[in-house]
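Structure first, then comments.
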Amino acid sequence: MVDERRQPHTDAVLRRSLLFVPGDSRRKLEKATTLPADSIALDLEDAVAPEHKVTARQTVREALQTLHFGKRERLVRLNAWRTGLLAEDVRETLPARPDGYIIPKVSSADELAAAWGVIREYAQGVGIDLSEIAVLVLIETARGVLNLPAIAAFGSPLQALIFGADDLAADVGMIRTPSNLEVLYPRAAVALTAAAYGLQAIDLVFPRLDDPEALAAECQFGRQLGYTGKMVIHPSQIEIVNRAFSPSDEEIAQALRIVQAAAAHPAGAFALDGRMVDEPIVKQAQGVLARARAAGLLTESA
Ligand code: COA
Ligand code: MG
Numbered sequence: 001m002v003d004e005r006r007q008p009h010t011d012a013v014l015r016r017s018l019l020f021v022p023g024d025s026r027r028k029l030e031k032a033t034t035l036p037a038d039s040i041a042l043d044l045e046d047a048v049a050p051e052h053k054v055t056a057r058q059t060v061r062e063a064l065q066t067l068h069f070g071k072r073e074r075l076v077r078l079n080a081w082r083t084g085l086l087a088e089d090v091r092e093t094l095p096a097r098p099d100g101y102i103i104p105k106v107s108s109a110d111e112l113a114a115a116w117g118v119i120r121e122y123a124q125g126v127g128i129d130l131s132e133i134a135v136l137v138l139i140e141t142a143r144g145v146l147n148l149p150a151i152a153a154f155g156s157p158l159q160a161l162i163f164g165a166d167d168l169a170a171d172v173g174m175i176r177t178p179s180n181l182e183v184l185y186p187r188a189a190v191a192l193t194a195a196a197y198g199l200q201a202i203d204l205v206f207p208r209l210d211d212p213e214a215l216a217a218e219c220q221f222g223r224q225l226g227y228t229g230k231m232v233i234h235p236s237q238i239e240i241v242n243r244a245f246s247p248s249d250e251e252i253a254q255a256l257r258i259v260q261a262a263a264a265h266p267a268g269a270f271a272l273d274g275r276m277v278d279e280p281i282v283k284q285a286q287g288v289l290a291r292a293r294a295a296g297l298l299t300e301s302a
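Residue numbers for the sequence shown, in our numbering: 1 to 302.
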C-alpha cells in the first residue's frame, strides 16, 4: 500500500520554536523581529485582556504591514470559534497577509471546518490564494483530545497540531505538576496523531522563565515523544528550544553513518557497531538528516 502522507520532517516549514507575542504590545512585536524564533505567533487570544481585543487586532495588522520579520514565519493566533470573535479577527488581519493562523481550543472537525470556512471566504473575497495560508490547531480541550483523528484528517491547509496543557487541565479539572505526568496521555496522543497524519507536532509551554535546565529536559522528553517543536513565551527560551529540536552533531554523524551503511546493504537487516540496523532504524536516520538539512546544519544532499 502506498503511504500518501506528507512528510513533515522534509517538506514543511521549520517550526522548532513558536514564540507567542501579546498582540496588543507593539514593543514586544518589534522585539520579536530581532529574536531567533522560527515562527512568531501574534496573539489575539489568551495573552490579550478582553478590553484590549479590538485594539490588538489593529496592532497586529499594523505590525504585519510595517515590521520586517525576515525569514520568521508570521502566524496570527485567533480567538476560539465559540467566542464569536474569530470572524472579525480574520477580517482585520487577513489583508495584512499573515503566513497562517493558529486556531485555539479546537474541539471537533466541524469547529475546524467552520473556522476555516471563515478564513476561506475572506481570503477569496480579497483574492488571496488559499494555498498560501497555513493552519495550525491547538488541542487543549477534552473533546479535542477525543476527536484527534477526525481533526488531524482535515487535510490541507492543516500543517501542525499544538498541545496546550494548561487549558486542557482547566477543562478536565487536572492538577498541573512540574512532572507533566498528568498530561502524558494527551501529550503523547497529539504527537502520535500528528505523525499518523503527516503533521508537525508542537509541544506545550514551559511557564518558568528562570530554569533553563528544566526547560531543556522538557524539550528532550518532547522530542522523545515525537514532537518537532515547542511553544515559547520569552526570548530566553528560544535558543534552548531551537537547539533541542535540531539534531546534535553526534546524531547527524550517526545518522549519516547508518544511511551510508544501508546504501551498501540494500537487502534487509545488517549489523553496524554491534547493533542491528533495519528499515525503521534507517528511516529514523533519514528523519534526523532531513531535520538537520531544514535547520541548515547539513548542506550537501546526503
Ligand atoms: N515576545 C517578544 N518580546 C518579549 C516577550 C515575548 N513573548 N517576552 C518578553 N519580551 C521582551 C520584553 O519586552 C523585554 O524587552 P525590552 O526590555 O526591550 O522591552 C525583554 O524581552 C525581557 O523581558 P522581561 O522583562 O524578562 O519580561 P516581561 O516582564 O516584559 O514579560 C511575560 C514577561 C511573561 C509577560 C512575557 O514574556 C510575555 O508576554 N510572554 C508571552 C505571553 C503569551 O503570549 N502568553 C500566551 C501564550 S501561552
Ligand atoms: Mg490558552
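Even for Gly, the Cβ is constructed at its ideal location relative to N, Cα and C.
Per DSSP, what kind of secondary structure is residue i in: helix, strand or coil?
i	result
G287	helix
V60	helix
R143	helix
R16	coil
A332	The first residue shown for the chain is 1 and the last is 302, placing residue 332 beyond what the model contains.
T34	coil
K28	helix
D210	coil
I128	coil
G180	Per the sequence shown, residue 180 should be read as Asn rather than Gly. Coil at N180, not helix or strand.
F69	coil
P266	coil
F154	coil
S236	helix
L148	helix
V118	helix
L94	helix
V241	helix
L297	coil
V172	helix
P50	helix
G222	helix
L86	helix
P247	coil
V190	helix
Per DSSP, residue i forms a beta bridge with which residues?
i	result
P22	D43
Y101	V76, V135
G229	I202
I252	Answer is none; I252 lacks a bridge partner.
L272	R275
A195	DSSP, once it has assigned bridges, lists no residue as partnering A195.
A160	L136, Q200
In angstroms with no decimal places, state the Cα-to-Cα distance between residue i and residue j.
i	j	result
P8	G155	Since pLDDT at P8 reaches only 47, below the 50 mark, its modelled position is unreliable, and no value is offered.
F20	A47	8 Å
M1	P149	With a pLDDT of only 43 at M1, under the threshold of 50, the placement of this residue in the model should not be trusted; the figure read from the coordinates follows. Going from the Cα of M1 to the Cα of P149 covers about 20 Å.
Y122	L86	12 Å
T93	T59	10 Å
L192	G226	7 Å
T55	Q65	15 Å
S25	A142	31 Å
L18	I128	24 Å
R77	A169	20 Å
R16	P247	11 Å
V126	P95	7 Å
L35	I238	8 Å
E45	P178	24 Å
L215	L204	11 Å
D167	E140	5 Å
A153	F270	36 Å
V13	L67	21 Å
A49	E30	20 Å
S107	R120	20 Å
D249	F163	28 Å
E218	I252	21 Å
K105	D43	14 Å
Q61	T33	Reading off the sequence shown, one finds Arg at residue 61, where the question assumed Gln. R61 and T33: Cα-Cα distance of roughly 15 Å.
R57	A267	58 Å
Q124	T83	24 Å
L297	G274	28 Å
A188	G229	14 Å
E213	F245	15 Å
May I ask whether a heavy atom of the ligand NAP can be found less than 7 Å away from the beta carbon of residue i?
i	result
I238	Ligands displayed in this structure: the ligand COA and the ligand MG; the ligand NAP is not among them.
Touching or not, the segment 97–106 and the segment 132–142, by the rule of three or more beta carbon pairs under 8 Å?
yes
Between the segment 229–238 and the segment 282–289, do at least 3 Cβ pairs fall closer than 8 Å?
no
Pair every Cβ in the segment 24–42 with every Cβ in the segment 55–73, then say whether three or more of these pairs are closer than 8 Å.
yes
Report yes or no: do three or more beta-carbon pairs, one from the segment 249–263 and one from the segment 213–228, lie closer than 8 Å?
no
Taking 8 Å as the cut-off, does the segment 194–208 touch the segment 158–172 (at least 3 CB pairs, one atom from each stretch)?
yes
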